[in-house]
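What follows is one structure encoded as structure tokens, with my remarks underneath.
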Amino acid sequence: MRNLKNISLIIVAIFCLVSCSKDKMPLLIEFDTELKRLIKQHSPDGTLEFYILPEENEIEKIPFDPLNPLTKEKIELGKLMFFETGLAQDAIYESSKGTYSCATCHIPSAGFRPGNFQGIADGGIGYGVNGEGRVKSEDYQESELDVQSARPLTLANVAYVRNTFWNGQFGAYEANEGTEELWDYDENEHEATELNFMYHEGIETQNIEGLETHRITINKEILDSLGYLEMYDEVFDYVPEEERYTRQTASYAYSAYIRSIITHKAPFQDWLKGNNNALNYAEKQGGILFFSKANCYRCHYNQNLGSPEFHALGVKDMYQTISYNAFESDRRNLGRAAFTKDPADNYKFKVPGIYNMEGTPFYFHGASKRSIREVIEYKNIAQSENENVTDLSNVFLPLNLSEEEITHLTAFVKNALKDPDVERFQPVELPSGQCFPNNDAISQSDLNCK
């Protein structure tokens with residue numbers, strides 16, 4: 530009798546579960562219909578298709594710099610060089626040479642951002658599990674570290690970003706059209722904005738300077754010793770040999786690779802392509818909020834769910850949180866005004882793309898928030914946390930979201946926008962055979978790589 534009673538209870542439980550699931554089905558269908566309606570309403574071209582990202586091998590669909598056409602071979606070369614630690618030969622001290630790469634501060638599993646609060650290239654040691662173990666080497670003074678006093682932005686979907694960096698200084702077009710008088714060079718600030726005179730797009734311009742700033746060596750000898758020369762010559766056979774082995778040419782390969790980092794496997798992408806089951810109840814509710822009450826679409830409307838706009842949100846600067854070599858006087862704290870020199874642009878920072886934001890617990894330019902939920906809660910309240918910033922953006926207003934709505938919106942940003950297969954963007958091994966993305970002794974141990 531007891532067994533029969535237990536079986537009966539199980540049957541009832543299953544029936545209730547199935548009934549509840551069936552009850553939710555019409556609701557989920559309604560959510561799909563409403564979310565599609567909202568996206569079409571707010572999409573720049575009025576379609577769902579606007580937000581569908583190409584696959585990384587659909588090269589002809591990826592936005593590119595006309596001065597740097599994309600090829601499969603150039604992308605592959607850039608991919609290998611991006612992770613190549615052997616190119617780090619301009620380190621200040623011998624102990625750091627050949628120990629870091631671009632991927633040190635742009636780790637795929639960390640959303641192509643540092644795994645720690647700041648990225649440390651030259652002068653850093655260690656990796657941890659996801660880059661969180663990167664710390665200052667005892668061989669370096671803090672002032673000698675290659676660190677940035679604004680947290681690096683994600684490289685995911687940068688093909689859709691025409692002006693890069695938090696202040697948008699790189700790139701000759703879009704927000705920087707008509708700013709030619711500002712394209713000067715400040716040696717103390719390492720801002721080679723005169724490179725915009727070459728009329729490149731943002732990521733190409735930034736990488737030309739970045740290879741120098743981050744102490745990467747590019748010459749024929751080092752490319753040959755690491756096993757890249759033949760591939761490099763094939764990709765850049767159109768460049769005269771006497772001009773071929775330079776940071777500018779190498780930046781084209783790096784930029785081509787970065788442009789191929791497309792998060793088209795995120796569940797939201799699958800949903801946009803017609804798979805209504807790609808998003809669950811909370812994620813669909815969150816998507817509806819994103820494109821309605823939460824007003825996220827107002828600033829996050831480009832294909833990468835970023836935009837070319839700049840807004841003052843009053844978040845803390847890097848020097849106001851735990852950091853290396855960050856100071857109150859650093860011009861980067863001014864945001865867009867550091868480039869335009871216009872006080873009206875003070876503390877306005879670029880609207881970033883928000884795919885793959887999960888992966889490392891540091892958000893905003895000063896790394897002041899520790900989770901996606903904290904970011905949404907901050908925007909929900911819409912009050913400055915930085916005493917220096919009182920003139921906030923006119924679109925930074927309280928959202929009046931409930932705790933449940935915050936949970937749903939968090940689910941959409943955290944899960945629906947996360948491409949789970951970013952490992953495809955990193956090589957299996959390098960021609961040099963070196964450990965990557967770091968190659969110091971502690972990192973080798975952390976990465977189980979010798």
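Taken in order, the sequence shown gives residues 530 to 979; the numbers are from the working numbering. Virtual Cβ for every residue (Gly too), placed ideally from N, Cα, C.
Please report how far the alpha carbon of A970 lies from the alpha carbon of Y781, in whole angstroms.
Along the sequence shown, read from residue 1 onward, the residue named residue 970 stands at position 441. Along the sequence shown, read from residue 1 onward, the residue named residue 781 stands at position 252. Their Cα atoms are separated by approximately 31 Å.
Can we say the region 871-882 touches the region 836-853, given the rule of at least three CB pairs closer than 8 Å?
Contact between the region 871-882 and the region 836-853 is established, with three or more Cβ pairs separated by less than 8 Å.
Taking three-plus beta-carbon pairs below 8 Å as touching, is the region 912-921 in contact with the region 781-801?
Two segments are said to touch when three or more pairs of C-beta atoms, one from each, lie closer than 8 Å; by this definition the region 912-921 does not touch the region 781-801.
Just tell me which of G888, G895 and H840 has its CA closest to the CA of D859.
Numbered from 1 along the sequence shown, position 330 holds the residue referred to as residue 859. Residue G895 is the option with its Cα nearest to D859.
Hey, could you find the ends of the alpha helix (DSSP H) N705 is sitting in?
Within the sequence shown, the letter at position 176 stands for residue 705. Segment: none, N705 is in no alpha helix (DSSP H) and carries neither H nor E.
Could you tell me whether the region 819-826 touches the region 561-572, using the rule of 3 or more Cβ pairs below 8 Å?
In short, these stretches touch, since the Cβ pair count reaches three.
Through-space distance from G739 to F891, alpha-carbon basis:
Along the sequence shown, one-based indexing puts residue 891 at 362. Along the sequence shown, one-based indexing puts residue 739 at 210. Taking the straight line joining both Cα atoms gives about 22 Å.
Under three-state DSSP, which class holds N944?
For the purposes of this step, residue 944 is taken as residue 415 along the sequence shown, with counting starting at 1. In the three-state scheme derived from DSSP, where H, G and I count as helix and E and B as strand, N944 is classed as helix.
When the Cα atoms are used, what is the spatial distance from R899 to T683?
Looking up residue 899 in the sequence shown gives position 370. Looking up residue 683 in the sequence shown gives position 154. In a straight line, the C-alpha of R899 is about 16 Å away from that of T683.
Using three-state DSSP, classify I649 as helix, strand or coil.
For the purposes of this step, residue 649 is taken as residue 120 along the sequence shown, with counting starting at 1. Residue state, collapsed to three classes: strand.
P643: which of S624, E613 and Q677 sits nearest, CA to CA?
Here residue 643 corresponds to residue number 114 of the sequence shown, with the count starting at 1. For P643, the closest C-alpha among the options S624, E613 and Q677 is that of Q677.
Endpoints, alpha helix (DSSP H) assigned at G700:
Within the sequence shown, the letter at position 171 stands for residue 700. Counting along the chain, G700 falls outside any alpha helix (DSSP H), and DSSP gives it neither H nor E.
Label T869 either buried or exposed according to how many other C-beta atoms from any shown protein chain fall within 10 Å of its C-beta, with 16 as the threshold for buried.
Stepping through the sequence shown from its first residue, residue 869 is reached at position 340. Under this definition T869 is a buried residue.
Does the beta-carbon of Y689 have 16 or more other beta-carbons within 10 angstroms, so that it is buried, or is it exposed?
Numbered from 1 along the sequence shown, position 160 holds the residue referred to as residue 689. The residue is buried, with at least 16 neighbouring Cβ atoms inside 10 Å.
Separation of Y826 from A721, as counted between CA atoms
One-based indexing of the sequence shown puts residue 721 at position 192. One-based indexing of the sequence shown puts residue 826 at position 297. Unreliable positioning characterises A721 in this predicted model, as indicated by a pLDDT of 48, which lies under 50. The coordinate reading is nonetheless provided below. For A721 and Y826, the distance between alpha carbons rounds to 33 Å.
I851 by DSSP, collapsed to three states: which one?
Numbered from 1 along the sequence shown, position 322 holds the residue referred to as residue 851. Assigned with DSSP and collapsed to three states, I851 falls in coil, not helix or strand.
What number of angstroms, rounded off, separates the C-alpha of F611 from the C-alpha of F726?
As a position in the sequence shown, residue 611 is number 82, starting the count at 1. As a position in the sequence shown, residue 726 is number 197, starting the count at 1. Distance from the CA of F611 to the CA of F726, rounded to the nearest whole angstrom, comes to 25 Å.
Mapping DSSP to helix, strand and coil, what is H894?
Working through the sequence shown from its first residue, we reach residue 894 at position 365. In the three-state reduction of the DSSP assignment, H894 falls in the coil class, being assigned neither a helical nor a strand state.
Nearest residue (CA-CA) to L606, options T775, L758 and N809
As a first step, residue 606 must be located in the sequence shown, where it is residue number 77. Answer by Cα proximity: L758.
Limits of the unbroken alpha helix (DSSP H) element including P796:
Position 267 of the sequence shown holds residue 796. DSSP places P796 inside the alpha helix (DSSP H), whose first and last residues are P796 to L801.
Is DSSP giving V690 helix, strand or coil here?
Against the sequence shown, residue 690 aligns to sequence position 161. In the structure shown, the three-state DSSP call for V690 is coil.
Identify, in the order they occur along the chain, each residue of the same chain with its Cβ nearer than 6 Å to the Cβ of D753, setting aside the five sequence neighbours on each side.
Counted from its first residue, the sequence shown places residue 753 at position 224. Once the five neighbours on either side are set aside, D753 has no close Cβ partner at all.
What is the DSSP secondary structure of I558, reduced to helix, strand or coil?
Along the sequence shown, read from residue 1 onward, the residue named residue 558 stands at position 29. It is helical.
Can you tell me whether D762 is helix, strand or coil according to DSSP?
Here residue 762 refers to the residue found at position 233 when the sequence shown is read from its first residue. Helix, per DSSP.
Beta-carbon proximity list for E602, same chain, < 7 Å, skipping 5 on both sides
In the sequence shown, residue 602 corresponds to position 73, counting from 1. These residues qualify, in order along the chain: E763 and V764.
Between the Cα of N472 and the Cα atoms of G660, E730 and A679, which residue gives the shortest distance?
A question about residue 472 goes unanswered here, because the residues of the chain that appear run from 530 up to 979.
Quick one: what does DSSP say F839 is sitting in, helix, strand or coil?
Against the sequence shown, residue 839 aligns to sequence position 310. It is a strand residue.
Looking at the unbroken alpha helix (DSSP H) that takes in D753, where does it start and where does it end?
Position 224 of the sequence shown, counted from the start, is the residue given in the question as residue 753. From DSSP, the alpha helix (DSSP H) with D753 extends over K749 to S754.
Kindly indicate which three-state DSSP category D874 falls into: helix, strand or coil?
If you number the sequence shown from 1, residue 874 lands on position 345. Three-state DSSP puts D874 in a helix.
Euclidean distance between Cα positions of N854 and Y810
The residue given as residue 854 occupies position 325 in the sequence shown. The residue given as residue 810 occupies position 281 in the sequence shown. Their Cα atoms are separated by approximately 44 Å.
Taking Cβ to Cβ, would you say K794 is nearer than 9 Å to D948?
Within the sequence shown, numbered from 1, the residue matching residue 794 stands at position 265. Within the sequence shown, numbered from 1, the residue matching residue 948 stands at position 419. Yes, the pair counts as a contact, with Cβ atoms nearer than the cut-off.
Could you say which of S672, I649, T746 and L930 lies nearest to E661 if we only look at CA atoms?
Sequence index remark: in the sequence shown, residue 661 carries index 132 (1-based). Considering only alpha carbons, the answer is I649.
Less than 9 Å separating the beta-carbons of P960 and L755?
Taking the sequence shown and counting its residues from 1, one reaches residue 960 at position 431. Taking the sequence shown and counting its residues from 1, one reaches residue 755 at position 226. Yes, the Cβ-Cβ distance between P960 and L755 is below 9 Å.
Distance check for N968 and E673, CA to CA, integer angstroms please.
On the sequence shown, residue 673 is found 144 positions in, with the first residue counted as 1. On the sequence shown, residue 968 is found 439 positions in, with the first residue counted as 1. Approximately 19 Å, taken between the alpha carbons.
Taking 9 Å as the threshold (C-beta atoms), are W800 and A685 in contact?
Here residue 685 is taken as the residue at index 156 of the sequence shown, counted from 1. Here residue 800 is taken as the residue at index 271 of the sequence shown, counted from 1. In this structure, W800 does not lie closer than 9 Å to A685 by Cβ.
Let me know if Y767 comes out buried or exposed under the rule of 16 or more other beta-carbons within 10 Å of its beta-carbon.
By 1-based counting over the sequence shown, the position of residue 767 is 238. With fewer than 16 Cβ atoms within 10 Å of its Cβ, Y767 is classed as exposed.
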